[in-house]
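J.: Take a look at the following structure, please.
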Amino acid sequence: MEQMGRSILEKNKVCSLDDVRLGFHLPPFSSVPHLHLHALAPASKMNLKSQLRYGQQSYWFITVDKVLSQLKTHGKVK
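Here the sequence shown stands for residues 10 to 87, where the numbers follow this note's numbering.
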């Protein structure tokens with residue numbers, strides 16, 4: 010999913026791929042009942058509201074990197 014998100018951003022020439030935030034909503038904050046990736050770009054231009062929703066310290070959003078790290082360490086996402 011991460012690769013597909015980056016590919017779509019690149020194809021649409023959205024921004025530098027170094028300035029993206031890719032991740033997922035954490036339950037119970039999911040608005041739809043299926044897994045889907047959010048691809049936010051440019052991450053450096055997110056307003057305060059977006060930073061609270063999708064930032065590094067968000068309670069309802071987790072980045073792809075954090076998901077992969079937790080899966081490797083714990084076998085699940087906390």
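Quick reminder that beta carbons are idealized off the backbone N, C-alpha and C, glycines included. All values reported here derive from a predicted model rather than from experimental measurement.
Might you give, ordered along the chain, the residues of its own chain that have their beta carbon closer than 7 Å to the beta carbon of residue 1, omitting 5 neighbours on each side?
T.: The chain is shown from 10 up to 87; residue 1 falls before or after that span and cannot be answered.
J.: Tell me whether residue 14 is buried or exposed, calling it buried when 16 or more other Cβ atoms sit within 10 Å of its Cβ.
T.: Position 5 of the sequence shown, counting from 1, holds the residue named residue 14. Here residue 14 is buried: its Cβ has 16 or more other Cβ atoms, across all protein chains shown, within 10 Å.
J.: Where does residue 50 sit, in a helix, a strand or coil, going by DSSP?
T.: Along the sequence shown, read from residue 1 onward, the residue named residue 50 stands at position 41. Correct three-state label for residue 50: coil.
J.: Quick one: using the 10 Å Cβ neighbour count with 16 as the cut-off for buried, is residue 44 buried or exposed?
T.: Here the question's residue 44 lines up with position 35 in the sequence shown. That one is exposed.
J.: Can you give the beta carbon distance from residue 18 to residue 50, rounded, assuming they're within the 8 Å contact cut?
T.: Counting from 1 along the sequence shown, the entry for residue 18 is found at position 9. Counting from 1 along the sequence shown, the entry for residue 50 is found at position 41. That pair is a contact at about 5 Å.
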